[in-house]
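Everything below concerns the one structure shown next.
Chains as they are written, first to last, in this note's numbering: chain A, 909 to 1020; chain B, -19 to 338.
See below:
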């Protein structure tokens, strides 16, 4: 790899290789991961949209690539994908803003 | 959006030999990814050999009223390759005597062959069990002379298989051309009104879904559910089965993959999704594909790559099912498209849903 960047899209293809350096934990992780995304009480489609939203919140470029493609494969529309991203963004901004209450509490406590 | 075939544009990928070079070079010659032959050898499935012949698929010509972005035939209005009546007569002799139970007419738009109706009339007299015509739907509305096609299909109890890339207008038109969605919806409504695709109807109407881009199709059962709900709710349309078909890296789709810099990633996706149990049921094991000029191929994709069957019998005029069934199937890296996930064929996935892999 000649490019000086931390992220290379091609590295996503190598994800499975993490098992080579710790087979037990790697295998357990991928088994768990596969199981999580199977159809259950939630459909595979719903899980894919949740994964897409979380990918944006944790700002994982590999995950965004993977779950945009996964969504396309599942016939999820771009409108549905963007709404999912907004759900993630709303929770993330809400999480910031709800700390405003802590700020208000502290302000009031310190003020005469 | 394409308006001309790759052939008409003299594009590199109009050349079958160039295709095969691309599919064998780069990531495959560097051994970054295993060749298809090597992969199926791992499970003792090389060389691939035919089983009982079930489907005779006849390509009536590459002319089409549409120029779809993903078309592996490179079909379009400018293609002049059309099956002659002489070759059709040779096909009819074979249809009379074959052990195949399905006759599958494809193209291009098979209806554009000037002898299409005569051929259907003659072929239906042979009493073939399942008589399929792959109709692109818009042909029915393309010209007045085609308006009565739905009634014609009904008269011969033709099993219609039609492409519908998505239940939303934008995705369909992007892949298949502007206005295709509205025309397809109208054609489906016309077919429904004749009884095609209705629950418990003997007039079979199945839809084919090809992904509109560099990604694989999703689970066939869930996609069928989504298609059925959306088409019924939005347009009152019903159909029987949805076949999900993986786009193979051939012709216009390969051209698109290379131009959009998706080729390597797509091949990785196909190889990653390789499913050895799909190999047992790939369509080349039960199908013979006949080209417009009467040559025989293991499948429609090999036809486009000009890979004639590896048999002493190579033309419909010398057809011999027993000899043909002793052949070895010719494979290259495009074959990964038929073995990904639950597999892919002209009849959709090749593995029942319950036996599929995630």
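Where a beta carbon is used, it is the ideal one built from N, C-alpha and C, also for glycine.
Query: Neighbourhood of residue 944 (chain A) by C-beta, 8 Å cutoff - its chain only, sequence neighbours within 5 removed; Result: 955
Query: Given residue 92 (chain B) as reference, the closest of B:115, B:296 and B:305 once Cα atoms are compared; Result: B:115
Query: Residue 944 (chain A) (DSSP reduced to helix, strand or coil); Result: helix
Query: Sequence-distant residues of the same chain with beta carbon closer than 7 Å to residue 7 (chain B), five excluded per side; Result: 13, 244 and 247
Query: Neighbourhood of residue 982 (chain A) by C-beta, 6 Å cutoff - its chain only, sequence neighbours within 5 removed; Result: 953 and 956
Query: Same chain, Cβ closer than 6 Å to residue 210 (chain B), five either side skipped, listed in chain order; Result: 147
Query: Interfacial residues, the segment 204 to 233 of chain B to chain A, with Cβ spacing under 7 Å; Result: 206
Query: Closer than 6 Å: residue 219 (chain B) CB and nearest the ligand NAP heavy atom; Result: What this structure holds is no ligand at all, so the ligand NAP is not there to describe.
Query: Three-way DSSP call (helix, strand, coil) for residue 188 (chain B) in this model; Result: strand
Query: Closest by C-alpha distance to residue 984 (chain A), when choosing among A:929, A:946, A:960 and A:926; Result: A:960
Query: Boundaries of the beta strand (DSSP E) in which residue 142 (chain B) is found, first to last residue; Result: 139 to 143
Query: Pairwise C-alpha distance: residue 992 (chain A) and residue 1008 (chain A); Result: 25 Å
Query: 7 Å Cβ cutoff met for residue 203 (chain B) and residue 222 (chain B); Result: yes
Query: Cβ pair count under 8 Å reaching 3, the segment 253 to 261 of chain B against the segment 286 to 298 of chain B; Result: no
Query: Boundaries of the alpha helix (DSSP H) in which residue 267 (chain B) is found, first to last residue; Result: Careful: residue 267 (chain B) lies outside any alpha helix (DSSP H), inside the beta strand (DSSP E) at 267 to 270.
Query: Inter-residue spacing [alpha-carbon to alpha-carbon] between residue 76 (chain B) and residue -7 (chain B); Result: 37 Å
Query: Span separating the alpha-carbon of residue 207 (chain B) from that of residue 947 (chain A); Result: 18 Å
Query: Beta-carbon spacing of residue 296 (chain B), residue 270 (chain B) below 7 Å; Result: yes
Query: Residue 218 (chain B) in three-state terms, based on DSSP; Result: coil
Query: Separation of residue 197 (chain B) from residue 338 (chain B), as counted between CA atoms; Result: Caution applies to residue 338 (chain B), whose pLDDT of 35 falls short of 50 and renders its modelled position unreliable; the value that the coordinates give is listed next. Distance between the alpha carbons of residue 338 (chain B) and residue 197 (chain B): 12 Å.
Query: Closer than 9 Å at the beta carbon, the chain A residues around residue 146 (chain B); Result: 983 and 985
Query: Chain-ordered chain A contacts of residue 195 (chain B) [CB-CB under 7 Å]; Result: 977, 980 and 981
Query: Classification of residue 19 (chain B) by the beta-carbon crowding that lies within 10 angstroms, buried from 16 upward; Result: buried
Query: Sequence-distant residues of its chain with Cβ nearer than 8 Å to residue 41 (chain B) (five each side left out); Result: 59, 61, 62, 63, 87, 88, 90, 92, 93 and 272
Query: Residue 338 (chain B) - DSSP class collapsed to helix/strand/coil; Result: Note that residue 338 (chain B) scores 35 on pLDDT, short of 50, meaning its location in the model is unreliable; the coordinates nonetheless yield the value given after this. Coil, per DSSP.
Query: Interface flag, residue 198 (chain B) vs chain A, CB-CB below 7 Å; Result: yes
Query: Closer than 7 Å to chain A by CB, residue 248 (chain B); Result: yes
Query: Contact belief for residue 35 (chain B) with residue 82 (chain B) at Cβ below 8 Å, rounded distance in angstroms; Result: 4 Å
Query: Beta-carbon proximity list for residue 126 (chain B), same chain, < 8 Å, skipping 5 on both sides; Result: 91, 119 and 120
Query: Residue(s) in a DSSP beta bridge with residue 280 (chain B); Result: Paired residues: none, contrary to the question.
Query: Test item: CB-CB of residue 313 (chain B) and residue 16 (chain B) under 7 Å; Result: yes
Query: Contacts around residue 71 (chain B), its chain only, beta-carbon distance under 7 Å, and the 5 residues preceding and following it disregarded; Result: 38, 270 and 296
Query: For residue 275 (chain B), the residue or residues it bridges with in DSSP; Result: B:295
Query: Under 7 Å between C-beta atoms of residue 265 (chain B) and residue 30 (chain B); Result: yes
Query: Sheet register partners of residue -9 (chain B) (DSSP bridge); Result: According to DSSP, residue -9 (chain B) bridges with nothing at all.
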